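J.: Can you read through this structure? Questions will come right after.
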Amino acid sequence: MNYEVRTFDVEVRATKDEETGNRYLEGRPIVYNKESRILVDWDMDGLKEFREMILPGALTKALQREDTNVKATWMHERGKLLGTSKSGTLQLSEDEEGVKQRLLVPNTALGDEMYELVGRGDITQMSFKFALGSGQDDVEWKESTDGIPLRVIPEIEYFLDTAYVDEGAYSDTEASRRNLEVAERSYKEFVESRKEEEPEEEINNEYVFEKEARQRELDILNIEIK
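What follows is the structure, given as C-alpha cells:
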C-alpha cells in the first residue's frame, strides 16, 4: 500500500476530567478546505512542488470501514503508541471543518511526556497517515492561490494513523524551495557517481538503482518510498 503523510498546524489541548482523573489530548489532525504548505513529488524530471486541499467528507468512507483501526502515535513511530480507535482510547469524529480526535492519555512514560508537552504548548502540530486507494481516481489538479499546482482530494479510502509531531516538513515556501534545490543536487551527484562505477546500459535497466537514487533525493525531505 502506498501511503502518504500530511502535517497541519493546529490547536492541541491537554484536558483532565476531575471526576475520573482521566487525561485527554484533543485536536484536529485533518483540516478540510485549506491549502497545504508546499509539498513535493518525484517523477522522471525530478522533484516537483505542489499544494494540496482535502475536501469536506473525504474521510467519511475511511472512518466507516469495519477494518479501520487508526493508531495515535508520537511522530508516526510504531513503538510510540498512545491509543487506537478499535480500543476506544482514540475517538475520531468528522465535521465540515475536518476530523477531530480525543485521545485518552495512557498512564505510561510516553503518555505522561506527551500530556506535559501539549499542556506547556510545546506541541502545536499534528499529522496523519493515509492511502487514497480508490480515491486516487477522483483526484483533481487545479491552480492554487499562488499559482502552484493544487492537488484536490475528494476521498481518502484508508486512514492509518495520526501523530503528534514537533516539526512537520516544509513549514514555509522559502525553506521548501531550498530543500528542493538541495535534493535535486544530491540526486544528480548520486547518478553521476554511479555512472562512473557501472556501465551506462546496466544503470539504465536497473530498478534497484533507480529506487536508490529516488530515495537519496527524498531522504533530504523526509519522504519514504514504499
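When the count follows this note's numbering, it moves up by one through the sequence shown with no breaks and lands on 231 for the last residue. Glycine residues also receive a C-beta, built at the ideal position from the N, C-alpha and C atoms. Computed from a predicted structure; not experimentally measured.
1. DSSP state of Arg183, grouped into three classes?
2. Taking the alpha carbon of Pro154 as the point to measure from, which residue in Phe55, Asp143 and Asp117 has its own alpha carbon closest?
3. Within this structure, are the beta carbons of Leu60 and Tyr29 separated by less than 8 angstroms?
4. When the Cα of Thr78 is compared with those of Glu102, Thr113 and Arg156, which residue comes out closest?
5. Ignoring anything shorter than 3 residues, give me the beta strand (DSSP E) runs that lie fully in the stretch 81-153, in order along the chain.
6. Using C-beta distances below 7 angstroms, list every residue in its chain close to Leu95, excluding the 5 sequence neighbours before and after it, in chain order.
7. Following the continuous beta strand (DSSP E) through Lys66, name the residue where it begins and the one where it ends.
8. Could you give the residue range of the beta strand (DSSP E) that holds Asp166?
9. Taking 7 angstroms as the cut-off, is the CB of Thr89 close to at least one heavy atom of the ligand SAM?
10. Taking a contact to mean a Cβ-Cβ separation below 8 angstroms, would you say Phe164 touches Ala67 in this structure?
11. Got a sec, what are the start and stop residues for the beta strand (DSSP E) Tyr29 sits in?
12. Using DSSP with H/G/I as helix, E/B as strand and the rest coil, what is Leu60?
13. For Tyr8, name the three-state secondary structure that DSSP assigns.
14. Which residues bound the beta strand (DSSP E) around Lys76?
15. Hey, would you say Val104 sits closer than 8 angstroms to Met131, going by beta carbons?
16. Below 7 angstroms CB to CB, which residues in the same chain sit around Lys91 once its five sequence neighbours on both sides are set aside?
17. My output table needs one value for Arg42: the three-state DSSP class, helix, strand or coil.
18. Grouping DSSP H, G and I as helix and E and B as strand, with all else coil, what is Glu24?
19. Can you find the residues in the same chain that come closer than 7 angstroms, C-beta to C-beta, to Leu115, ignoring five residues on each side of it along the sequence?
20. If you draw a straight line from the C-alpha of Asp22 to the C-alpha of Pro111, how long is it?
21. Taking 7 angstroms as the limit between beta carbons, can you name the residues of its chain near Asp72, skipping five residues before and five after?
22. Distance check for Glu99 and Ala180, CA to CA, integer angstroms please.
23. Taking the alpha-carbon positions, what's the Leu97 to Thr20 distance?
T.: Looking at the coordinates:
1. Start at 1 with the first residue of the sequence shown, and residue 183 comes out as number 178. Annotation note: pLDDT 48 at Arg183 (below 50); position unreliable, no value reported.
2. By 1-based counting over the sequence shown, the position of residue 154 is 149. Nearest of Phe55, Asp143 and Asp117 to Pro154, Cα basis: Phe55.
3. In the sequence shown, counting from the first residue as 1, residue 60 sits at position 55. In the sequence shown, counting from the first residue as 1, residue 29 sits at position 24. Contact flag unset, no.
4. Reading the sequence shown from its first residue, position 73 is the one you call residue 78. Nearest option by C-alpha distance: Thr113.
5. 86-89, 95-100, 103-109, 130-136 and 145-148
6. If you number the sequence shown from 1, residue 95 lands on position 90. Same-chain partners within the cutoff: Val75, Ala77, Gly88, Thr89, Gln106 and Leu108.
7. The residue labelled residue 66 in the question sits at position 61 within the sequence shown. Looking at the DSSP string, Lys66 is not in any beta strand (DSSP E); the run it does join, the alpha helix (DSSP H), is Thr65 to Gln69.
8. Translated into positions along the sequence shown, residue 166 becomes position 161. From DSSP, the beta strand (DSSP E) with Asp166 extends over Tyr163 to Val170.
9. Absent from the structure shown: the ligand SAM. Ligands present: none.
10. Looking up residue 164 in the sequence shown gives position 159. Looking up residue 67 in the sequence shown gives position 62. Cβ distance < 8 angstroms, so Phe164 and Ala67 count as in contact.
11. Residue mapping note: residue 29 aligns to position 24 of the sequence shown, counting from 1. From DSSP, the beta strand (DSSP E) with Tyr29 extends over Arg28 to Val36.
12. Reading the sequence shown from its first residue, position 55 is the one you call residue 60. Three-state DSSP puts Leu60 in coil, outside helix and strand.
13. Along the sequence shown, read from residue 1 onward, the residue named residue 8 stands at position 3. Three-state result, Tyr8: coil.
14. Against the sequence shown, residue 76 aligns to sequence position 71. Residues Lys76 to Trp79.
15. Along the sequence shown, one-based indexing puts residue 104 at 99. Along the sequence shown, one-based indexing puts residue 131 at 126. The answer is no: Cβ separation not under 8 angstroms.
16. In the sequence shown, the residue the question calls residue 91 occupies position 86. Cβ neighbours of Lys91 beyond the five flanking positions: Asn74.
17. What you label residue 42 is simply residue 37 of the sequence shown in a count that begins at 1. Correct three-state label for Arg42: coil.
18. Counted from its first residue, the sequence shown places residue 24 at position 19. Looking at Glu24 - three-state DSSP - the assignment turns out to be coil, as it is neither helix nor strand.
19. The residue you call residue 115 lines up with position 110 of the sequence shown. Only Trp79, Lys85 and Leu87 meet the Cβ criterion.
20. Locating residue 22 in the sequence shown gives position 17, where the first residue counts as 1. Locating residue 111 in the sequence shown gives position 106, where the first residue counts as 1. The alpha-carbon atoms of Asp22 and Pro111 are separated by roughly 14 angstroms.
21. Here residue 72 corresponds to residue number 67 of the sequence shown, with the count starting at 1. Excluding residues within five positions, none has a Cβ falling inside 7 angstroms.
22. For the purposes of this step, residue 180 is taken as the residue at position 175 of the sequence shown. For the purposes of this step, residue 99 is taken as the residue at position 94 of the sequence shown. Only weak support exists for where Ala180 lies, its pLDDT of 41 falling under 50; the value from the coordinates is given anyway. Between Ala180 and Glu99, the C-alpha separation is close to 32 angstroms.
23. Counting from 1 along the sequence shown, the entry for residue 97 is found at position 92. Counting from 1 along the sequence shown, the entry for residue 20 is found at position 15. Leu97 and Thr20: Cα-Cα distance of roughly 16 angstroms.
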